[in-house]
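K.L.:
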Amino acid sequence: MVKIALVGNPNSGKTTLFNLLTGSSQTVGNWPGVTVEKKSGKVKNHEDVYVDDLPGIYSLSPYTLEEVVARDYLASEKVDVIINIIDATNLERNLYLSTQIFELGIPVVMAFNMIDVVRKNGDIINLEKLSESFGVDIIEISALHAEGIDNVVERALLRAQDGRLPKEPRYSGEMEHIIAHVEDIVASYNDSENINRYLAIKVLENDALVLKKLNLDKRDLDRISRMVDREQSRLDEDMQSIITNERYNYVTKYTSKYLIRMSDTRESLSVRIDNVVTHKYLAIPIFIAIIFSIYFIAISTIGAWATDFTNDVIVAKWIQGGLTALFGAWNVSAWIQGLVIDGIVGGVGSVIGFVPQILVLSFLMAVLEDIGYMARIAFIMDRVFRRFGLSGKSIIPLLISTGCGVPGILATRTIESQRERRITIITTTFIPCSAKIPIIALIGTAVFNGAWWIAPTGYFVGIMAVAVSGIILKKMRPFAGSPAPFVMEMPTYHLPLMENVIKITLQRGLEFVKKAVTVILLASVVLWFLQAFGFQNGQLAMVTQNSESLLADIGNLAAPLFEPLGFGKWQATIATFTGLIAKENLVSTIGVVYDFGNGAGAFGEFTKDYSSLQAFSFLLFNLLCAPCFASIGAIYQEMKSLRWTVFAVSYMTIFAYVIAMVFYQLGTLIAGGGFTYLTAIAIFLVALLGYLFFKKAPRTV
Amino acid sequence: MKTLDQIAVGNIAIVKKIHGEGATRRRIMDMGITKGVEIKVRKFAPLGDPIQLSLRGYELTIRKDDARKIEVEQEKR
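Next comes the structure, spelled out in structure tokens:
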């Protein structure tokens, strides 16, 4: 068996190359214990050759999650050969990682990607000389056009066989002198010969992992630190910086000779596009226009047509209609009919209806991501989001969440900082998704006579909840810690690679469907049973009045919970719970329990039961509380931790409860409802919120 | 001491020293901001922060807070 590791910078075309190498035989998993995706696959047309795709990294220093994963992998797995993919248009920085790879004692083949773009820019790279200088094969490839891939595999297999290693990078005389000394010391602690130099450099970099593994004794450590101290004071720099400098110097020694850049003399296309797209005054209007068009296409036009078609024609007419006719012809008993048609098809169907919108939205977002615009959004908006403990990159999930929280939560993957990512995951479903729009519409029509301000208020509440929660959460202990740097490469623009875009789109759609037919199916069945059956004269039987159903019993049991919020009745309680299956379920539940279909003042019963204060409190709670099961599933999938998932869902629910209660109790007081102990609690909660909001962040080391 | 955030748009600075510590500092250096490298300040974001830089043939964005830790001298143009 031959094992290949694919290593390279983010944005170097690594994923595309991996897809080309493996065809369709890849498996996507996760690195144990962390949230970084792990992809492995069998190399196409080769027996017993496997390739692992390492996360995109800029360096092997163990500071980011991706780097730690890559390093652990290279240290513990037996890799036969590394394919180091290089973005040839960005040679110096890509080769910096290569200098670290060359020291690992593993054969290397370099795949120079985008060399066609280099030539088009008029730049010249002397590959032959570079190859000779590094002692490594350099293969030109174009991942975009699938060129040169076979050559890379052939050469990699050859190197795996003969085990030829790259030349180890050589540094300045003083540095080499120190490395040689440390190498001598390290050699007596280590039995495999060919990585002594690597270990010596890691020791000089004060690398915790390597130091622990070697376990040098005190005398040797002192000898090393004396050398390090002397060099540090000579150069007025710390050792890590000295080594980083040495590596970059090694790279530029060759790039200055073998790379001739003509493109410096004129502005590249990307820079010219950015002159407009990230322009001081134009940037924000352009951003708003793009987002507006995406929503217009995905939600209002194409997405809405497709969704209506799925709901009204495919699900209602064809499937439900067809099943009704079929069951009628077969004389199937009423309860099975009810279960299948209303329970299963109705429940799952209401969720499946959102698939077209999600597909269209994911497709457009994937295009924006692929061409490089998302990095520009992050650049434009970072200033705003940083105040809320988020980063410029958080805007993407928040935008997607206005359509659906599930892809929104998945989109947090592009945020490197663990803390900003978690806060984004927790807050992103505060933004009203398309399934919450019917809830807003229901309250607006039934209670507020279709007042225009209800819908904007819904979005305003969502945005405020994100902002307030961001500020509260970023000060909490689990989120404390030194802020991660926002160091982001601005990729050059390129045309979207349709294969990748479609792949991402289908993947998101599929994940959504999978949840619909598992979690939601089960929940729909349970709910249907509960609302169709009840105890009558001590016996379980099908009920005609749903106020006698088990569902009503459960609702009545839980209703006191919502008493302080003003809507402690079983109907509203059950509606809130069914909203967990899918938010639009809440509306249909209200419709069923109040029998809207019965004509005569459709909303009459509902408005009789709730005052406008109570109804608005009900709306507030349901806009902000725990999201639907599908989103909770997505939170779990992304957090990779039950504890964090529970925290996220609890935070949202408690936040929603507090906001709705404060609103209702203080509203009642202002309306002249008298001062009760609940009013006192509400005032205390306001004070608590204020404290959490204004308190100082805990000191961090 | 002149730092990178003080360099006007369109000017080129040469890095003298990177202050600060830990992961942020290492990250900045890994991205190629090392002693002696030439950095062109490309533009500030519409809201004034972050900054877009051009160095080693590519474009990089960092926040002002981090740029403040990079000591530079401005090159005569």
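These protein sequence lines are chains Z and W, in that order.
To get the working numbering, take the position in the first sequence, counting from 1, and add 22.
To get the working numbering, take the position in the second sequence, counting from 1, and add 25.
For each residue, glycine too, the CB sits at the ideal point set by N, CA and C.
#1: Please return the same chain residues whose Cβ sits closer than 7 Å to the Cβ of Val-708(Z), not counting the five positions on each side in sequence.
#2: Hey, quick one: how far does the beta strand (DSSP E) through Arg-67(W) stretch, first residue to last?
#3: Decide if Glu-88(Z) is buried, meaning its Cβ has at least 16 other Cβ atoms within 10 Å, or exposed.
#4: Could you name the residues of the same chain whose beta carbon sits closer than 6 Å to that of Thr-38(Z), not counting the 5 residues immediately before and after it, in chain order?
#5: Restricting to runs no shorter than 3 residues, where is the beta strand (DSSP E) found entirely within the stretch 297-351 of chain Z?
#6: Using a Cβ-Cβ cutoff of 8 Å, what residues of the stretch 110-125 of chain Z are near chain W? List them in chain order.
#7: So that I know if they touch, is there some Cβ in chain W lying closer than 8 Å to that of Tyr-85(Z)?
#8: Check whether the Cβ of Arg-52(W) lies closer than 8 Å to any Cβ atom in chain Z.
#9: Could you compute how far the alpha carbon of Tyr-1(Z) sits from the alpha carbon of Ser-633(Z)?
#10: At a cut of 8 Å, does the stretch 36-53 of chain W reach the stretch 705-719 of chain Z through at least three beta carbon pairs?
#11: Give me the residue from Asn-33(Z), Gly-78(Z), Thr-346(Z), Asn-67(Z) with the minimum Cα distance to Ala-27(Z).
#12: State the CB to CB distance for the pair Ile-603(Z) and Leu-645(Z), rounded to an integer number of angstroms; the pair is presumed to be in contact (CB under 8 Å).
#13: Between which residues of its own chain and Thr-701(Z) is the CB-CB distance below 8 Å, once the five residues before and five after are set aside?
#14: Who are the neighbours of Ala-33(W) on chain Z, taking C-beta pairs under 8 Å?
#15: For Val-97(W), does the three-state DSSP call read helix, strand or coil?
#16: When the Cα atoms are used, what is the spatial distance from Ala-622(Z) to Phe-640(Z)?
#17: Who are the Cβ neighbours of Ile-306(Z) in its own chain at under 8 Å, not counting the five residues just before and after it?
#18: Cα separation between Met-284(Z) and Thr-277(Z)?
#19: Give the residues of chain W in contact with Arg-283(Z), contact being defined as C-beta atoms less than 9 Å apart.
#20: By Cβ distance, which residues of its chain are closer than 7 Å to Val-204(Z), with the 5 residues on each side in sequence left out?
#21: Can you check whether the CB of Gly-430(Z) is closer than 8 Å to the CB of Thr-449(Z)?
#22: Please tell me whether Ser-278(Z) has its Cβ less than 8 Å away from any Cβ of chain W.
#23: Apply the 10 Å Cβ neighbour rule to Pro-75(W) and answer buried if 16 or more other Cβ atoms are within range, or exposed otherwise.
#24: Per DSSP, Ala-473(Z) is paired with what?
#25: Could you say which of Pro-84(Z), Leu-119(Z), Arg-93(Z) lies nearest to Pro-32(Z) if we only look at CA atoms?
#26: Evaluate the contact criterion for the stretch 542-556 of chain Z versus the stretch 364-371 of chain Z: three or more CB pairs, one atom per stretch, below 8 Å.
#27: Any contact of the stretch 661-680 of chain Z with the stretch 507-517 of chain Z, i.e. 3+ C-beta pairs under 8 Å?
#28: Report the start-end ranges of each beta strand (DSSP E) in the stretch 146-194 of chain Z that is 3 residues or longer and not cut off at the edges.
#29: Measure from the C-beta of Met-56(W) to each C-beta in chain Z and report whether the shortest distance is under 8 Å.
#30: Within 10 Å of its beta-carbon, does Gly-73(W) have 16 or more other beta-carbons around it, so buried, or fewer, so exposed?
#31: Report the option in Ile-341(Z), Val-377(Z), Asp-631(Z), Leu-381(Z) whose CA atom is closest to the CA atom of Ile-524(Z).
#32: DSSP state of Met-403(Z), grouped into three classes?
#33: List the whole-angstrom C-beta distance separating Ile-606(Z) from Ala-457(Z), where the pair is believed to meet the contact cut-off of C-beta under 8 Å.
#34: Looking only at its own chain, which residues have a Cβ that is under 7 Å from the Cβ of Glu-114(Z), when we skip the five neighbours before and after it?
#35: Between Lys-234(Z), Gly-343(Z), Ser-384(Z), Tyr-673(Z), which lies nearest to Ala-320(Z) when the distance is taken from Cα to Cα?
#36: What are the boundary residues of the beta strand (DSSP E) that includes Ala-38(W)?
P.N.:
For this structure:
#1: Hits under 7 Å: Val-684.
#2: From DSSP, the beta strand (DSSP E) with Arg-67(W) extends over 63-69.
#3: For Glu-88(Z), the number of other beta carbons within 10 angstroms of its own is at least 16, and it is reported as buried.
#4: The answer, listed in chain order, is Ala-165.
#5: Look at the stretch 297-351 of chain Z and you find no whole run of beta strand (DSSP E) that is 3 residues long or longer.
#6: If the cut-off is 8 Å between Cβ atoms, the stretch 110-125 of chain Z has Thr-111, Asn-112, Leu-113, Glu-114, Arg-115, Tyr-118 near chain W.
#7: For Tyr-85(Z), the answer is yes, since a Cβ of chain W falls inside 8 Å of its Cβ.
#8: So yes, Arg-52(W) belongs to the interface.
#9: Lying outside 23 to 723, the shown extent of chain Z, residue 1(Z) is not represented and no answer is given.
#10: With the cut-off at 8 Å, the stretch 36-53 of chain W and the stretch 705-719 of chain Z do not touch.
#11: Ranked by Cα distance from Ala-27(Z), the first of Asn-33(Z), Gly-78(Z), Thr-346(Z), Asn-67(Z) is Gly-78(Z).
#12: Here Ile-603(Z) is actually not in contact with Leu-645(Z); their C-beta atoms are around 17 Å apart, not less than 8 Å.
#13: Answer for Thr-701(Z): Gln-687, Leu-688, Thr-690, Leu-691, listed in chain order.
#14: Simply none; closest approach about 14 Å.
#15: Correct three-state label for Val-97(W): strand.
#16: The predicted position of Ala-622(Z) is uncertain, since its pLDDT is 42 and thus under 50; a value taken from the coordinates is nonetheless stated next. Roughly 24 Å separates the two Cα atoms.
#17: Ile-402.
#18: Computed Cα separation, rounded: 14 Å.
#19: The answer, in chain order, is Gly-82.
#20: So the qualifying residues of the chain are Ala-222, Val-225, Leu-226, Ile-246.
#21: It is not a contact, given that the beta carbons lie outside the stated cut-off.
#22: No, Ser-278(Z) does not count as interfacial toward chain W.
#23: Per the 10 Å Cβ criterion, buried.
#24: Secondary-structure assignment with DSSP links Ala-473(Z) through no beta bridge to anything.
#25: Cα-wise, what sits closest to Pro-32(Z) is Leu-119(Z).
#26: Yes, the stretch 542-556 of chain Z touches the stretch 364-371 of chain Z.
#27: Counting Cβ pairs under 8 Å, fewer than three are found: no touch.
#28: With a minimum length of 3 residues, the continuous beta strand (DSSP E) runs that stay inside the stretch 146-194 of chain Z are 159-162.
#29: It does; some Cβ of chain Z falls within 8 Å.
#30: With fewer than 16 other Cβ atoms within 10 Å, it is exposed.
#31: Among Ile-341(Z), Val-377(Z), Asp-631(Z), Leu-381(Z), the Cα nearest to that of Ile-524(Z) is on Leu-381(Z).
#32: Reduced to three states, the DSSP call for Met-403(Z) is helix.
#33: Ile is not the amino acid found at residue 606(Z); the sequence shown has Glu there. Yes, they are in contact, since the Cβ atoms of Glu-606(Z) and Ala-457(Z) sit about 4 Å apart, within 8 Å.
#34: Closer than 7 Å at Cβ, skipping near neighbours: Val-273, Thr-274, Thr-277.
#35: For Ala-320(Z), the nearest C-alpha among the options comes from Ser-384(Z).
#36: Segment 37-43, the beta strand (DSSP E) holding Ala-38(W).
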